[in-house]
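**Q** The structure that follows is given in the form of structure tokens.
Number of protein chains: 4
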Amino acid sequence: MLAKNIERKILRTICPDAKGLIAKITNICYKHELNIVQNNEFVDHRTGRFFMRTELEGIFNDATLLADLDGALPSGSLRELHAAGRRRIVIMVTREAHCLGDLLMKSAFGGLDVEIAAVIGNHNTLQSLVERFDIPFIHVSHDGLTREAHDTQMADCIDQYQPDYVVLAKYMRVLTPGFVKRFPNQIINIHHSFLPAFIGARPYHQAYERGVKLIGATAHYVNDNLDEGPIIMQDVINIDHSYSAEEMIRAGRDVEKNVLSRAVDKVLAQRVFVYGNRTIIL
Amino acid sequence: MLAKNIERKILRTICPDAKGLIAKITNICYKHELNIVQNNEFVDHRTGRFFMRTELEGIFNDATLLADLDGALPSGSLRELHAAGRRRIVIMVTREAHCLGDLLMKSAFGGLDVEIAAVIGNHNTLQSLVERFDIPFIHVSHDGLTREAHDTQMADCIDQYQPDYVVLAKYMRVLTPGFVKRFPNQIINIHHSFLPAFIGARPYHQAYERGVKLIGATAHYVNDNLDEGPIIMQDVINIDHSYSAEEMIRAGRDVEKNVLSRAVDKVLAQRVFVYGNRTIIL
Amino acid sequence: MLAKNIERKILRTICPDAKGLIAKITNICYKHELNIVQNNEFVDHRTGRFFMRTELEGIFNDATLLADLDGALPSGSLRELHAAGRRRIVIMVTREAHCLGDLLMKSAFGGLDVEIAAVIGNHNTLQSLVERFDIPFIHVSHDGLTREAHDTQMADCIDQYQPDYVVLAKYMRVLTPGFVKRFPNQIINIHHSFLPAFIGARPYHQAYERGVKLIGATAHYVNDNLDEGPIIMQDVINIDHSYSAEEMIRAGRDVEKNVLSRAVDKVLAQRVFVYGNRTIIL
Amino acid sequence: MLAKNIERKILRTICPDAKGLIAKITNICYKHELNIVQNNEFVDHRTGRFFMRTELEGIFNDATLLADLDGALPSGSLRELHAAGRRRIVIMVTREAHCLGDLLMKSAFGGLDVEIAAVIGNHNTLQSLVERFDIPFIHVSHDGLTREAHDTQMADCIDQYQPDYVVLAKYMRVLTPGFVKRFPNQIINIHHSFLPAFIGARPYHQAYERGVKLIGATAHYVNDNLDEGPIIMQDVINIDHSYSAEEMIRAGRDVEKNVLSRAVDKVLAQRVFVYGNRTIIL
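Residue numbers (full-length UniProt numbering), protein chains in the order written: chain E, 1 to 282; chain X, 1 to 282; chain D, 1 to 282; chain V, 1 to 282.
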């Protein structure tokens with residue numbers, strides 16, 4: 001009957017680099033009789049930071065495990081213990097369906113271990129699509145509202161669902177600092193260019209004007225500077241002179257949805273560490 | 001009011017290579033006062049074949065245009081004139097949702113200029129998904145039927161919808177020669193490997209056993225030899241030692257659906273020419 | 001003995017789009033009994049420009065062929081007739097060997113149909129490498145010279161070799177407008193980023209700071225604005241958090257040399273048309 | 001003066017998976033006051049094998065370190081301690097220059113931390129190229145020799161240079177089992193297809209016949225079955241209907257040389273573990 005208590009958890013550690021860190025952490029896991037299913041670490045020799053993601057299996061006593069770690073790790077260390085398994089997101093959209101559709105399909109039919117708690121749109125274009133998947137769609141129109149008021153309404157709405165992450169699946173308005181502050185390192189956006197090229201509005205039109213030979217997409221955490229948050233995932237496809245901006249938009253959709261979905265997958269699996277303006281993916 | 005008669009059509013020509021072919025064809029178009037919106041041609045110097053796809057705009061007199069072409073082209077020439085625009089497909093599926101879902105999304109929200117007339121499944125797993133998009137799902141179970149009887153039922157069912165193409169979106173049974181013969185060069189399949197590697201069943205498991213560092217997908221026309229029809233589109237993604245066969249299956253889904261959807265797009269636009277066991281895409 | 005006069009030439013046409021252009025041009029070729037080995041055309045519907053590259057084989061009377069074309073094409077048309085075959089380049093370098101080495105290898109052992117007339121370096125680091133391939137290396141030091149004086153020395157030196165193109169194989173100084181003006185649309189540069197991201201100096205360090213997940217290279221024509229000339233070719237590779245700027249530099253070398261060499265190949269084959277700040281590659 | 005004894009070494013461990021392995025190994029390193037510069041591990045849950053690569057810095061007492069490890073690791077464990085730094089290879093070639101040229105350039109100008117001790121050719125085509133880089137070229141002709149006799153001559157020749165690895169840079173003959181046995185897991189080959197597609201001779205011609213839309217290259221260890229050894233690295237490029245087999249050969253060269261050079265880089269850095277017919281790259 002003991003097997004009933006066996007759980008899988010993910011330990012994430014960020015601390016100043018020092019000799020013996022892996023030994024110390026894995027010793028503690030060993031003493032707790034936890035099996036290391038998967039372990040990945042990275043030392044950033046430039047900033048002297050150590051990052052480690054440890055997937056553990058066994059019977060957990062969270063309090064003593066964390067206390068043991070606190071006793072062993074240098075000061076200034078961060079450690080988090082997460083249950084493995086399905087996370088919960090709220091998706092924000094405007095009018096484009098492709099990223100949303102991909103997330104809905106993967107949530108319903110496999111591919112992403114995620115519960116989509118709700119979808120919020122500043123337009124109601126996608127309501128019917130969302131409801132076909134038995135997921136609540138909330139229309140929070142920005143009509144007649146200040147940005148701040150609109151963002152507050154949306155944030156309040158999100159809070160009701162207590163999601164782990166907020167995914168912007170082609171939400172086409174700039175979010176206010178107030179909104180961003182309420183979900184620190186929890187908002188994931190897809191931008192339709194290979195950042196830092198073509199920041200801001202109409203990147204495919206910018207790409208057309210510049211005559212580039214590849215177009216791309218970037219999934220990133222949202223912070224206060226538009227399109228400047230830590231990058232999680234990027235990909236590109238080749239194009240040629242025959243593509244108009246409209247054809248780029250059409251071709252770009254597959255890259256956008258693939259990049260967003262792969263980024264969300266890594267984030268959900270607690271593989272992404274943010275440090276400064278960079279991500280470490282373990 | 002003349003503008004009402006202005007149409008766009010696609011002229012496709014395959015003929016033995018000869019001096020002056022482009023001049024002859026484009027002269028005839030010019031005499032008919034048709035504007036060439038886009039023209040692509042290819043000479044296969046190895047087989048001495050000339051291929052041309054001409055997108056025309058104007059007021060068409062199909063009969064005289066084709067007669068003029070027949071008078072000018074060498075014997076043994078093929079020419080087809082297709083109206084531009086939306087085509088009609090029937091999709092066949094088994095139990096996997098990802099390729100189907102992508103086609104449904106693109107048909108409903110843009111990305112593919114296609115009418116999905118119906119979806120036929122040998123299982124009914126995907127019925128609910130299809131019906132959410134207001135498209136008929138027909139369950140043609142293979143239980144208790146010979147392959148021939150089952151395929152005949154499905155072919156009869158397809159015939160009711162008079163599709164331009166039949167798309168196998170992870171239909172997981174081998175089709176009989178009788179079925180294939182009823183839809184010559186009209187059946188497009190997605191195989192979950194970079195053919196000719198891993199022909200047949202369980203390609204990801206084969207890929208795992210072989211220890212490859214990339215996995216892929218191949219869209220091809222179906223002919224009588226399993227996985228040996230003319231290839232339309234292929235793509236791969238990188239994997240590494242950490243992927244189990246199951247993780248390859250999961251990662252491969254995005255490649256499969258992207259490759260199938262891009263292949264279908266080219267076929268619908270009348271860009272794909274089959275010659276022998278090869279495709280020319282113009 | 002007539003076969004001795006059979007030549008292959010490339011006709012390049014740029015003109016305002018109009019009905020019947022392909023018919024007119026190919027008719028003239030047909031009347032001249034020239035065989036079209038390969039033909040590619042593109043209509044830019046946005047600017048109303050028509051581009052065509054026609055590879056012809058036969059006995060040429062250049063003067064009457066061009067006169068016939070001038071009679072048939074709309075005013076404002078450009079047409080050029082180039083002999084097919086090997087072109088002549090001068091390469092400019094600073095201290096990095098990888099792009100130069102790739103061009104030397106391909107020139108000597110196949111892969112590029114090119115004669116490297118000379119290599120000019122503002123440092124002499126690469127002299128020994130160049131001379132191993134029996135190609136003259138000219139060291140034009142910038143020490144004690146103004147930019148203008150240095151560029152004039154180099155341009156005078158290049159003029160002695162009468163090259164078709166000047167290839168900057170990691171030449172790390174900005175060229176003066178005076179230099180650029182002497183070789184209009186003849187200078188090809190490789191920039192070590194996927195432009196327009198990371199214009200200017202130290203792009204890999206910029207890429208490191210931004211935390212991108214892919215790095216790339218861009219081959220482009222040089223005009224007066226640094227890194228803003230028409231793009232010919234671009235490619236990227238995936239990187240991750242473990243790459244320092246130095247490791248990006250090392251990994252980026254293969255992309256840089258591949259992109260440059262593929263761009264040079266297209267340019268030499270007269271496949272690249274410049275129009276405004278864009279390239280059409282036929 | 002102590003700093004003079006500070007070295008960097010790489011510890012490689014393969015053993016049956018068990019609880020506490022990372023703790024045990026890193027504890028021993030910690031007790032030896034060795035700093036872990038980089039650590040990567042992988043558990044193959046299917047075969048129950050644990051793989052770990054640990055890059056260590058400090059003052060080494062090899063004998064006690066290895067003895068301590070032997071005392072701590074389960075029976076059936078393998079552990080190796082390698083000095084970090086430059087390795088030594090012998091390259092075997094036939095007539096094609098591109099892979100060889102890339103290795104010569106990277107050895108001479110940076111990009112690969114390798115000493116090329118000698119190049120052996122069964123033809124002397126590439127002698128001049130090799131000697132330009134001040135590296136001995138040995139021509140071991142197969143004329144009039146049995147395969148066994150020829151391979152013995154070459155193996156004897158290789159032995160004189162005591163290389164860490166033998167790199168087949170387009171060596172176009174099948175090696176005998178006797179040869180392979182003399183360099184177990186030390187021979188790296190580049191095959192010009194994305195294996196397992198197109199095993200054996202003339203893969204580009206096979207690819208042409210099959211009408212594939214991508215071509216590739218595979219770097220792998222050589223074992224007794226032709227083109228069936230453990231795969232280290234693979235990559236592909238897109239092609240289309242316009243490529244003849246000869247044009248595939250030409251386009252494929254860049255992929256071949258890139259794949260081979262990246263594979264050699266990983267092998268030299270002691271990152272590649274062979275287990276069964278698979279590689280784990282840490």
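Using N, Cα and C, we set each Cβ at its ideal position, and we do this for glycine too.
Identify the continuous alpha helix (DSSP H) that holds D/THR64 and give its terminal residues.
**A** Segment 62-72, the alpha helix (DSSP H) holding D/THR64.
**Q** Do you know offhand how far D/CYS29's Cα is from D/LEU65's?
**A** The straight-line gap from Cα to Cα measures roughly 8 Å.
**Q** For the structure I just gave you, are there three or more beta carbon pairs, one from the segment 235-251 of chain V and one from the segment 246-261 of chain X, closer than 8 Å?
**A** Short answer: they don't touch.
**Q** Taking D/HIS241 as part of the alpha helix (DSSP H), name the residues at either end of that continuous run.
**A** It is not in any alpha helix (DSSP H) - D/HIS241 carries neither H nor E in the DSSP assignment.
**Q** Is any beta-carbon of chain X found at less than 8 Å from that of E/HIS98?
**A** Closer than 8 Å: yes.
**Q** Once you ignore the five residues that flank X/ILE231 on each side, which residues in its own chain have a CB closer than 7 Å to its CB?
**A** The answer, listed in chain order, is LEU195, THR218, HIS220 and THR279.
**Q** Which runs of the beta strand (DSSP E), 3 residues or longer, sit entirely within the segment 187-245 of chain V?
**A** List check, beta strand (DSSP E) in window: 187-191, 214-221 and 231-238.
**Q** So which residues on chain V does E/LYS19 lean against when the C-beta distance must stay under 7 Å?
**A** Under the 7 Å cutoff, chain V gives TYR30 and ASN35.
**Q** On the CB-based measure, 16 or more other CB atoms within 10 Å of its CB, does D/ALA18 come out buried or exposed?
**A** D/ALA18 is exposed by the Cβ-count criterion.
**Q** Taking V/VAL19 as part of the beta strand (DSSP E), name the residues at either end of that continuous run.
**A** Note that residue 19 of chain V is Lys in the sequence shown here, rather than Val. Careful: V/LYS19 lies outside any beta strand (DSSP E) and carries neither H nor E.
**Q** X/MET105 versus chain E: which residues are under 8 Å apart at the beta carbon?
**A** Residues of chain E passing the Cβ test: ALA97, HIS98, GLY101, ASP102 and MET105.
**Q** Under the three-state reduction of DSSP, which class applies to D/ALA155: helix, strand or coil?
**A** Here D/ALA155 sits in helix by DSSP.
**Q** Assuming E/MET92 is part of the beta strand (DSSP E), what are its boundary residues?
**A** It spans 87-93 - the beta strand (DSSP E) in which E/MET92 sits, taken as one unbroken run.
**Q** Mind pulling the chain X residues with CB within less than 9 Å of V/VAL212?
**A** Chain X residues near V/VAL212: PHE194, LEU195, PRO196, THR218, ILE231 and GLN234.
**Q** What does DSSP give as the partner residue(s) for D/ILE280 in the beta ladder?
**A** Bridge partners of D/ILE280: D/PHE273.
**Q** Using the beta-carbon count (16 or more within 10 Å), is D/LEU175 buried or exposed?
**A** The residue in question, D/LEU175, is buried, as its Cβ has 16 or more Cβ neighbours within 10 Å.
**Q** Output, in chain order, the set of chain E residues within a Cβ distance shorter than 8 Å of X/ASN258.
**A** Within 8 Å Cβ-Cβ: ASP254 and ASN258.
**Q** Does DSSP put E/PHE50 in a helix, in a strand, or in coil?
**A** It is a strand residue.
**Q** My guess is that X/ALA97 and E/PHE109 are in contact by the Cβ rule of under 8 Å, so how many angstroms apart are they, rounded?
**A** About 4 Å; that satisfies the 8 Å criterion.
**Q** Checking contacts by CB at 8 Å: is D/ARG46 closer than that to chain E?
**A** Yes, its Cβ sits closer than 8 Å to a Cβ of chain E.
**Q** The beta strand (DSSP E) spanning V/ARG182 covers which residue range?
**A** Looking at the DSSP string, V/ARG182 is not in any beta strand (DSSP E); the run it does join, the alpha helix (DSSP H), is 177-182.
**Q** Can you tell me whether V/THR146 is buried or exposed? The criterion is at least 16 other CB atoms within 10 Å of its CB, across all chains shown.
**A** Exposed, since its Cβ has fewer than 16 Cβ neighbours within 10 Å.
**Q** Note the first and the last residue of the continuous beta strand (DSSP E) segment covering V/GLU41.
**A** Per DSSP, V/GLU41 belongs to the beta strand (DSSP E) from 35-44.
**Q** Have a look at the DSSP bridge pairing and note the partners of E/VAL114.
**A** In DSSP, E/VAL114 forms a bridge with E/ARG87.
**Q** Helix, strand or coil: which one does DSSP assign to X/HIS150?
**A** Correct three-state label for X/HIS150: helix.
**Q** In terms of residues, what are the limits of the beta strand (DSSP E) holding D/HIS98?
**A** Looking at the DSSP string, D/HIS98 is not in any beta strand (DSSP E); the run it does join, the alpha helix (DSSP H), is 98-109.
**Q** Considering only their Cβ atoms, is the gap separating V/LEU78 from V/ILE22 smaller than 8 Å?
**A** For V/ILE22 and V/LEU78, no; Cβs fall outside 8 Å.
**Q** Using the beta-carbon of each residue, which ones in chain D are nearer than 7 Å to E/PHE42?
**A** Chain D residues near E/PHE42: HIS241 and SER242.
**Q** Rounded to the nearest angstrom, what separates X/ASP143 and X/HIS150 at their Cα positions?
**A** Cα to Cα, X/ASP143 sits roughly 9 Å from X/HIS150.
**Q** Listing by chain order, which chain V residues have their CB less than 7 Å from the CB of E/ASN39?
**A** Near E/ASN39 (Cβ distances below 7 Å), the residues of chain V are ILE22 and GLU41.
**Q** Would you kindly work out how many angstroms separate the C-alpha atoms of E/PHE183 and E/ARG12, rounded to a whole number?
**A** Roughly 19 Å separates the two Cα atoms.
**Q** Hey, is D/THR26's beta-carbon within less than 8 Å of any beta-carbon in chain X?
**A** Yes - at least one Cβ of chain X is within 8 Å of the one on D/THR26.
**Q** Spell out the partners DSSP gives E/TYR165 in its beta bridges.
**A** Answer is E/ILE89, bridged to E/TYR165.
**Q** If you measure from the beta carbon of V/PHE109 to each beta carbon in chain D, is any gap under 8 Å?
**A** At least one chain D Cβ lies under 8 Å of V/PHE109.
**Q** Do D/ASP151 and the ligand NAD come close, with the Cβ less than 7 Å from some heavy atom?
**A** Judged by which ligands are present, the structure shown has none, so any question about the ligand NAD falls away.
**Q** Roughly how many angstroms lie between the CA atoms of E/ALA63 and X/GLY211, to the nearest whole one?
**A** Their backbone Cα atoms lie some 42 Å apart in a straight line.
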